[in-house]
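J.: Can you read through this structure? Questions will come right after.
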Amino acid sequence: MMNCKEATQLLSEKLDRPLDTKEKVMLGVHTAMCSSCKQFGRQMEDIRSLAKQYSKGKQTEEKK
Amino acid sequence: MIEANPSLSASEAPNAALFYDQEFMESLRSQMVKFATLQVQDAQLAEDAVQEAMLSAYQNIDKFGRQAALKTWVFSILKNKLIDLLRKEKRTTVASQLENGPNLQGDALMDHLFKENGHWQKSERPQKWDDPDHGVENEHFWRVFDACLTALPEKYGRFFMMREFLEMATPEICHNEDISVSSLNVTLYRARLRLRECLEDNWYQAKESGS
Ligand SMILES: [Zn+2]
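Going down the list, the protein sequences come from chains A and B.
For reference, each letter of the first sequence is one residue, going 0 to 63 in numbering that gives the first Met the number 0.
For reference, each letter of the second sequence is one residue, going 0 to 210 in numbering that gives the first Met the number 0.
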């Protein structure tokens, strides 16, 4: 069984490389049962989109 | 000086005014320098790249009417210049030399977040982020975000920005920086762990307990 440490690492690596089938299955099983890691996965996506907005200079646009 | 040449000022108006907003330009410049220096790790190269980006923005002044548009534009030029610089010059710095900074990283970070059996420490379990986009509207959110980025150990911050801000692909970063794919992946993972924790503690949770 995959633990949270391994699951979170895959949830991060998912943003940098395609996961293989076995990894996807194991991760799917883990996140189905572990709400903390499921949450973590969502937050990884959030961080990516926030970083994108940050680097596009959104922060001053919203200031006005 | 500009008004000495009426034909020039006529063609420049009204967008050129952006460039005369000193406060805006100064803060934009310093953000760019900070961003560039972290990437290329050479103050002079960074300064030059920023100058060039500014100049090319000035030459294309009719393309944008608002500060935000100018900023987006000038940052995208800067990004391309930085990517060129990083490509041209294979890094001599060994990545491991950068592992410094007062904050938790490496195994200490992992032990802080996870129990021995690899499951979350109870106090460190990710909490629900209430409407993550909500923060985007808020100036204060970006200050927290900025502070969290700055607080990352230098090596984490640098690779994170290459990946997420410059949007460089993993193989390219590895090639330029002489680092293996697996160690880059681990570094990015830890950077995201740290950033996630920092945002949660200082924005998402702080907001909740404050209201
Ligand atoms: Zn888990």
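Think of the CB as a built atom: it goes at the ideal place given N, C-alpha and C, for glycine as much as any other residue.
Are K4(A) and F113(B) closer than 7 Å when you measure CB to CB?
T.: yes
J.: So, at 7 Å on beta carbons, what are the nonlocal neighbours of R162(B) in its own chain, with the 5 sequence-adjacent residues on each side left out?
T.: Beyond the five residues adjoining it in sequence on each side, R162(B) comes within less than 7 Å, by CB distance, of I172, L187 in the same chain, given in chain order.
J.: Taking 7 Å as the threshold (C-beta atoms), are I76(B) and L165(B) in contact?
T.: Going by C-beta atoms, L165(B) is not nearer than 7 Å to I76(B).
J.: For Q8(A) and Y203(B), I'd like the C-alpha separation in whole angstroms.
T.: 22 Å
J.: Can you check whether the CB of A35(B) is closer than 7 Å to the CB of A48(B)?
T.: yes
J.: Can you tell me whether T30(A) is buried or exposed, with buried defined as 16 or more other CB within 10 angstroms of its CB?
T.: buried
J.: Relative to the C-alpha of L17(B), which residue among Q120(B), R157(B), I60(B) is closest?
T.: I60(B)
J.: Interface residues of chain A around N116(B) at Cβ under 8 Å?
T.: N2
J.: Between P170(B) and chain A, is the shortest Cβ-Cβ distance under 7 Å, so that the two count as touching?
T.: no
J.: Would you say E22(A) lies against chain B (beta-carbon separation less than 7 Å)?
T.: no
J.: What whole-angstrom Cβ distance do G156(B) and A190(B) have, given they're in contact under 8 Å?
T.: Confirmed, Cβ separation roughly 7 Å.
J.: Anyone know if the C-beta pair for R124(B) and S35(A) falls short of 7 Å?
T.: The answer is yes: Cβ separation under 7 Å.
J.: Does the beta-carbon distance from F63(B) to L69(B) come in below 7 Å?
T.: yes
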